[in-house]
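Colleague: Take this structure first; my questions come after.
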Amino acid sequence: MSSSGKDNSGAQHANYVGPYRLEKTLGKGQTGLVKLGIHCVTCQKVAIKIVNREKLSESVLMKVEREIAILKLIEHPHVLKLHDVYENKKYLYLVLEHVSGGELFDYLVKKGRLTPKEARKFFRQIMSALDFCHSHSICHRDLKPENLLLDEKNNIRIADFGMASLQVGDSLLETSCGSPHYACPEVIRGEKYDGRKADVWSCGVILFALLVGALPFDDDNLRNLLEKVKLGVFHMPHFIPPDCQNLLRGMIEVDATKRLTLEQIQKHTWYIAGKNEPEPEQPVPRKVTIRSLPSADDIDPDVLDSMHSLGCFRDKNKLLKDLLSDDDNQEKMIYFLLLDRKERYPSQEDQNLPPRNEIDPPKKRVDSPMLNRHGKRRPERKSMEVLSVTDGGSPVPARRAIDMTQHGQSISMYRKSLDIPDAGAKCSKEERSRSISGASSGLSTSPLSSPRPVRKFCVPPPVPRPAPVPEHKPLPIT
């Protein structure tokens, strides 16, 4: 490695982040680089996401903080783990779990369509992790093969929670976001929607891609693609097992009220047919006690900061009132989940680091000096100077996902977000060159979305059918 690290703007950053030595670049994304980090003592490998605070708008930085808060809420074997956060005046460093198997997309490009057994293995792992997220009121909102990583044993890790949202109670979400090929009709139409049902649709599209090696909805013309998604009509190849066809139709269902729930999916005949196959890893059961908070002085400031970062508790006075209430509520549940995480993984200053000749070395984001349940004081968080941030954000060559900040914006915003200059414009050959039937070498193993063009599977030629197959009746869901 060279003696100085640089981000994609050419600016220098530290060669060390705490005990981790920065090595090769794993990928480039909208918010910066992801580099391989090697622990100086244990040689543990991590992925370090480097966010240049001076190059990003305040709204983007808030989304990064929201992603940090969400990852603190989720601890599941099939979700990418957040280890630590470091920062200095210019950069924010997210120390993430490193997985070496690359993206599920690239795996599909290399192998082509999967057998039902292998597809079910991946699908059940995704469902297990998603069920855990939804049980903690987290909706991912950008599920696609590019955001599903594989470890060295080909087990799934859901990554990139940059568009995730907390959905409290029966509330609905408004921000239209995600990728057009995987977004559900109600999101495309700009309506208020249930993020859990939106995630189910995306997972149905992913399962179809695993089994077919192509997407159910595709078109060179973005407007036509969005119309196809809204209609929800797609060809079901005959080689998909009938019970799996039934499952796919229930997940890729235009009417959100009729779309299958996670509970129904996990009881479906095709899903449970894999009971003799390896089970997805399950999280360690943890019992978190919700107790009374006598006064505002008893509220942990770090946890309160994390809750504000989640974005759905903007009214600070109401949040304090709910936390101090004698009744159990969603706010208190999230508060004590975050507090439990903090107390199990206390973040303290690194000890015995070798001296480094750096002007502004990254400092670990540590806990506030508040008494914990054992009566020990936390180390004090180092104060940071107020950062000036630009409003313009950081331009990227082409975005692989849409993040529309206002409800009900037009298709032209979709085109702008995807760098598509015209509603009738077609994807270039380079953008469509990566098909499942023709894999390219040297593909990225980035743990965050890279600024490559929007990637789509090429639709394979239709498989000849010996004779028309009569439509089967839907199978019962037990």
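Each residue of the sequence shown is one higher than the one before, starting from 1 at the first, in UniProt numbering.
The C-beta atom is built at its ideal place from N, Cα and C for all residues, glycine as well.
For Ala296, does the count of other Cβ atoms within 10 angstroms reach 16, so buried, or fall short, so exposed?
Modeller: Classification for Ala296: exposed.
Colleague: Taking CB distances under 7 Å as the criterion, tell me whether Tyr16 reaches chain D.
Modeller: Absent from the structure is chain D; it holds one protein chain and no more.
Colleague: Could you say if the segment 137-155 and the segment 52-63 meet the contact criterion of at least three C-beta pairs nearer than 8 Å?
Modeller: Counting Cβ pairs under 8 Å, fewer than three are found: no touch.
Colleague: Label Phe336 either buried or exposed according to how many other C-beta atoms from any shown protein chain fall within 10 Å of its C-beta, with 16 as the threshold for buried.
Modeller: Flag for Phe336 reads buried.
Colleague: Can you tell me which of the three DSSP states Ile299 falls into?
Modeller: Ile299: coil per DSSP, three-state reduction.
Colleague: With a floor of 3 residues, list each beta strand (DSSP E) that falls wholly inside the segment 154-220, ordered by position along the chain.
Modeller: If we require 3 residues or more, the beta strand (DSSP E) runs fully inside the segment 154-220 come out as 156-158.
Colleague: Pairs of beta-carbons, one from the segment 172-179 and one from the segment 127-137, closer than 8 Å: are there three or more?
Modeller: No, the segment 172-179 does not touch the segment 127-137.
Colleague: Comparing alpha-carbon positions, which option in Lys332, Leu210, His76 lies nearest Ala119?
Modeller: Closest by alpha carbon: Leu210.
Colleague: Between the beta-carbon of Gly169 and the beta-carbon of Tyr86, is there less than 7 Å?
Modeller: No, they are not a contact pair.
Colleague: Whole angstroms is fine: what's the gap from Leu231's alpha carbon to Leu173's?
Modeller: Roughly 22 Å separates the two Cα atoms.
Colleague: Helix, strand or coil: how does DSSP classify Thr269 here?
Modeller: Three-state result, Thr269: helix.
Colleague: Curious, which full-length beta strand (DSSP E) runs of at least 3 residues does the segment 80-157 contain?
Modeller: Entirely contained in the segment 80-157, the beta strand (DSSP E) runs reaching 3 residues are, in chain order, 82-87, 91-97, 148-150.
Colleague: As a quick exercise: from Cys312, Lys332, Ala183, pick the residue whose alpha carbon is nearest that of Lys321.
Modeller: If we check each option's Cα against that of Lys321, Lys332 comes out closest.
Colleague: Is DSSP giving Asn52 helix, strand or coil here?
Modeller: Asn52: strand per DSSP, three-state reduction.
Colleague: Quick one: what's Lys363 bridged to in DSSP?
Modeller: Paired residue(s): Glu87.
Colleague: If you draw a straight line from the alpha carbon of Phe123 to that of Leu207, how long is it in whole angstroms?
Modeller: Distance between the alpha carbons of Phe123 and Leu207 is about 7 Å.
Colleague: Please determine, among Gly37, Arg113, Lys45, the residue with the shortest C-alpha to C-alpha distance to Phe239.
Modeller: Comparing Cα-Cα distances from Phe239 to each of Gly37, Arg113, Lys45, the minimum goes to Arg113.
Colleague: If you draw a straight line from the alpha carbon of Lys117 to that of Lys267, how long is it in whole angstroms?
Modeller: Cα-Cα distance, rounded: 17 Å.
Colleague: Which same chain residues, not among the five before or five after Tyr20, have their C-beta less than 8 Å away from its C-beta?
Modeller: Excluding positions up to five away in sequence, the list reads Gly37, Ile38, His39, Cys40, Val46, Ile48, Val95.
Colleague: Is the beta carbon of Val79 sitting closer than 7 Å to the one on Ile158?
Modeller: Against a cut-off of 7 Å, the Cβ pair of Ile158 and Val79 comes out as a contact.
Colleague: Mind the definition here: the segment 92-107 touches the segment 70-84 only if three or more C-beta pairs lie below 8 Å; say whether that holds.
Modeller: Touching, per the Cβ criterion.
Colleague: Whose C-alpha, out of Gly195, Tyr107, Phe161, Leu166, is nearest the C-alpha of Glu152?
Modeller: Checking every option, the nearest Cα to that of Glu152 belongs to Tyr107.
Colleague: Please state the DSSP three-state secondary structure of His39.
Modeller: DSSP places His39 in strand when its eight states are reduced to three.
Colleague: So if DSSP puts Leu33 in a beta bridge, which residue, or which two residues, is it bridged to?
Modeller: The partner list for Leu33 (beta bridge, DSSP) reads Lys28, Ile50.
Colleague: Where does the unbroken alpha helix (DSSP H) through Asn224 begin, and where does it stop?
Modeller: Start and end: 222-231.
Colleague: Can you check DSSP and say which residues form a bridge with Val17?
Modeller: Answer is Tyr20, bridged to Val17.
Colleague: Any idea if Glu186 is buried or exposed, counting beta-carbon neighbours within 10 angstroms, 16 or more meaning buried?
Modeller: Classification for Glu186: buried.
Colleague: Taking the beta carbon of Asn154 as the centre, do at least 16 other beta carbons fall within 10 Å, making it buried, or is it exposed?
Modeller: By the 10 Å Cβ count, Asn154 comes out exposed.
Colleague: Tell me the rounded alpha-carbon separation between Asn276 and Cys244.
Modeller: Between Asn276 and Cys244, the C-alpha separation is close to 17 Å.
Colleague: So for Lys72, helix, strand or coil by DSSP?
Modeller: Correct three-state label for Lys72: helix.
Colleague: Give me whichever residues DSSP pairs with Lys318 in a beta bridge.
Modeller: According to DSSP, Lys318 bridges with nothing at all.
Colleague: If you draw a straight line from the C-alpha of Asp84 to the C-alpha of Ser165, how long is it?
Modeller: Asp84 and Ser165: Cα-Cα distance of roughly 21 Å.
Colleague: In this structure, does DSSP put Lys45 in helix, strand or coil?
Modeller: DSSP places Lys45 in strand when its eight states are reduced to three.
Colleague: Take Arg365 as the anchor and find which of Arg356, Pro354, Lys342, Gly32 has the nearest alpha-carbon.
Modeller: Among Arg356, Pro354, Lys342, Gly32, the Cα nearest to that of Arg365 is on Lys342.
Colleague: With DSSP run on the structure shown, which of helix, strand or coil describes Lys275?
Modeller: Coil at Lys275, not helix or strand.
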